[in-house]
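Residue numbers (my numbering): 332 to 504.
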């Protein structure tokens, strides 16, 4: 029910323009391949993760910009809760790293988890992010922070709702 409601809310709020593109990724794609799609997203575009487990996939949202009327949406497929898991033994890393300057981006209906000893966060927000929606996420088994923010006073219009955050090591925000 939660996924259905979140999906309806996203559809109502983020109706895509005629020029928008929906990209669908699958668990066989690498982190580099998926991040190449992320880097190409434009206002109104949707990136949908098919059902399954995405091993060692960390999303890097660097300076990704939607607009007030055409948000960029990154989501799990309807009726699915795709799992993005990373092994952080070699490097401190977040499952979703929302880089500085990213705005008008919605992330919904994904599960984030980590293995390894050098973990950092499920979701990392950086200085200057604005108009970010984190909804319907399940963030579990993170030795670091579930959701972390650098310079929280520089963030504006960040909405975090209807998420499940459990078995995290430090803080939620």
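Note that the Cβ used here is the ideal one computed from N, Cα and C, for glycine as well.
CB-CB length for residue i against residue j, believed under 8 Å
i: residue 486; j: residue 468; result: Not quite, the Cβ-Cβ distance comes to about 17 Å (not below 8 Å), so this is no contact.
i: residue 445; j: residue 472; result: 6 Å
i: residue 351; j: residue 375; result: 3 Å
Span of the beta strand (DSSP E), counted from its first residue to its last, around residue i
i: residue 437; result: 434–439
i: residue 499; result: 495–499
i: residue 414; result: 414–418
i: residue 555; result: Nothing about residue 555 can be reported from this structure: the residues present for the chain run from 332 to 504 only.
i: residue 386; result: 384–386
i: residue 446; result: 442–446
Residue interval of the alpha helix (DSSP H) (run including residue i)
i: residue 368; result: 362–371
Short Cβ contact (8 Å threshold) for residue i with residue j
i: residue 470; j: residue 447; result: no
i: residue 368; j: residue 378; result: yes
i: residue 499; j: residue 463; result: no
i: residue 460; j: residue 434; result: yes
i: residue 358; j: residue 384; result: yes
i: residue 391; j: residue 430; result: yes
i: residue 403; j: residue 395; result: yes
Beta-bridge pairing of residue i - partner residues as DSSP gives them
i: residue 354; result: 378
i: residue 454; result: 427 and 478
i: residue 396; result: 434
Entirely within the segment 461–500 and at least 3 residues each: give me those beta strand (DSSP E) ranges in chain order. For the segment 461–500, whole beta strand (DSSP E) runs of length 3 or above, ordered along the chain, are 461–466, 469–473, 476–480, 487–492 and 495–499.
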